[in-house]
Amino acid sequence: MTLADGVWQQIFSFENYGELLALVRNSLIAGAALGLVGGLAGVFVIMRDLPFAVHGISELSFAGASAALLMEVNIVAGSIVGSLLAAGAIGILGARARDRNSVIGIIMPFGLGLGVLFLALYKGRAANKFGLLTGQIVAVDTPQMSWLLGTSAVVLLALAVMWRPLTFASADPDVAAARGVPVRALSFAFMIVLGLAVALSVQIVGALLVLTLVVTPAAAAARVTASPVLLPLLSVLFAVVSIEGGILLALGGSIPISPYVTTISFTLYATCRMVGTYRTRRWGAGRATTQPA
Numbered sequence: 257m258t259l260a261d262g263v264w265q266q267i268f269s270f271e272n273y274g275e276l277l278a279l280v281r282n283s284l285i286a287g288a289a290l291g292l293v294g295g296l297a298g299v300f301v302i303m304r305d306l307p308f309a310v311h312g313i314s315e316l317s318f319a320g321a322s323a324a325l326l327m328e329v330n331i332v333a334g335s336i337v338g339s340l341l342a343a344g345a346i347g348i349l350g351a352r353a354r355d356r357n358s359v360i361g362i363i364m365p366f367g368l369g370l371g372v373l374f375l376a377l378y379k380g381r382a383a384n385k386f387g388l389l390t391g392q393i394v395a396v397d398t399p400q401m402s403w404l405l406g407t408s409a410v411v412l413l414a415l416a417v418m419w420r421p422l423t424f425a426s427a428d429p430d431v432a433a434a435r436g437v438p439v440r441a442l443s444f445a446f447m448i449v450l451g452l453a454v455a456l457s458v459q460i461v462g463a464l465l466v467l468t469l470v471v472t473p474a475a476a477a478a479r480v481t482a483s484p485v486l487l488p489l490l491s492v493l494f495a496v497v498s499i500e501g502g503i504l505l506a507l508g509g510s511i512p513i514s515p516y517v518t519t520i521s522f523t524l525y526a527t528c529r530m531v532g533t534y535r536t537r538r539w540g541a542g543r544a545t546t547q548p549a
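Taking my numbering, I'd label the letters of the sequence shown as residues 257 to 549.
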């Protein structure tokens, strides 16, 4: 066997695939829920220019999950606590964009440092440590599933309640405030919801690559549509395809799930970007030809 064949077999090897498929039933269900949550939350992340905040929250979510792993308690709960602490701090201290970026820049290394400390103290399986950073596909047991689905339901309910006013406040905060929309309260509430969404995503794709679920699908959808209906639908579709496709492909290999999810997500984004660029150029050319000489 050549080196290339060995590498390829590590990436794609589907021996006994049917038997292995039963091992990720919980992960597939969780992946669908996370795709829905990440796709919808990502719409507002893009509208409100919060990708950097997502990364900052993920670092403290990683610290919370690492602490829970060290103390042998529920990892999802630890991840949620870390995310909520980060989201609350960003929401309270970072009302303005400049302040927000400074707060995130402080939180990120602090959270990463704590996480590394807790993992260094943890003497259990190395795979558990690695999984918090890069994701795992068979790590979702029944108790974690209950936490994941319950928290997903809370996030979806919160987004449904504040969708319209949050859309207004995200598109034009000054006009929304003048119309009596509680812009600051909505901003803080969304940061908490975002914290929950990030904590859920960490469980599947790991702390380092949360952006691929919460940011990339919505960014891809925004390249091809500005429709308030199609944008969230496409964002959810792209997120679900990325996570479910990543899980199914990773099951046939021996490397973590993250490269598969990120590759699918990036491919969708690149395709949407090319489509958007083509449509823009075509529309511009067509408009130019209709102008009077």
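Backbone N, C-alpha and C define an ideal beta-carbon position, used for all residues, glycine too. Keep in mind it's a predicted model, so treat the numbers as computed, not measured.
Measure from the alpha carbon of L349 to the alpha carbon of each residue in I520, E500, T533, S443, then state which is nearest. Relative to L349, the option among I520, E500, T533, S443 whose CA is nearest is S443.
Alpha carbon to alpha carbon, how far is L325 from T423? Give it in angstroms, no decimals. The alpha-carbon of T423 is positioned some 37 Å away from that of L325.
Would you identify the three-state DSSP class for L370, choosing helix, strand or coil? Helix, per DSSP.
When the Cβ atoms of the region 283-290 are set against those of the region 486-501, are three or more pairs found closer than 8 Å? These segments touch.
Could you pull the start and end residues of the alpha helix (DSSP H) that R304 belongs to? Where R304 is concerned, there is no enclosing alpha helix (DSSP H), given that its DSSP letter is neither H nor E.
Suppose contacts are defined by Cβ-Cβ distances below 9 Å. Is A297 in contact with L415 by that definition? When the beta-carbon positions are compared, A297 and L415 come within less than 9 Å of each other.
Which term fits R537, buried or exposed, when burial requires 16 or more other beta carbons within 10 angstroms of its beta carbon? When all chains shown are included, R537 counts as exposed.
Presumed contact (8 Å Cβ cut-off) between S314 and V410, rounded CB distance: Contact flag wrong, Cβ pair sits at about 19 Å.
Measure the alpha-carbon distance for L259 versus G508 and round it to whole angstroms. With a pLDDT of only 49 at L259, under 50, the local geometry of the prediction cannot be trusted, and the value read off the model is given with reservation. For L259 and G508, the distance between alpha carbons rounds to 19 Å.
Nearest-angstrom beta carbon gap, S491 and G556 [assumed within contact, 8 Å]: Within the shown structure, residues of the chain are numbered from 257 to 549, placing residue 556 beyond reach of any answer.
Proximal residues to N330 (C-beta, below 8 Å), its chain only, five neighbours per side dropped: Within the same chain, N330 has close Cβ partners A324, P399, Q400, W403.
Tell me whether the beta-carbon of V565 lies closer than 9 Å to the beta-carbon of A455. Any answer about residue 565 is impossible in this case: the structure gives the chain only from 257 up to 549.
A335, enclosing alpha helix (DSSP H) - first and last residue: Going by the sequence as given, residue 335 is Ser instead of Ala. For S335, the enclosing alpha helix (DSSP H) has its first and last residue at 331-349.
From L340 to W539, what distance separates their C-alpha atoms? Answer to the nearest angstrom: the Cα atoms are 44 Å apart.
Rank V466, Y534, L489 by C-alpha distance to the C-alpha of A517 and give the top, closest one. Before going on, a small fix: residue 517 reads as Val here, not Ala. Nearest C-alpha to V517: V466.
Can you tell me where the alpha helix (DSSP H) with R440 in it begins and where it stops? That run of the alpha helix (DSSP H) goes 439-461.
Taking the alpha-carbon positions, what's the G532 to A445 distance? G532 and A445 have their C-alpha atoms spaced approximately 32 Å apart.
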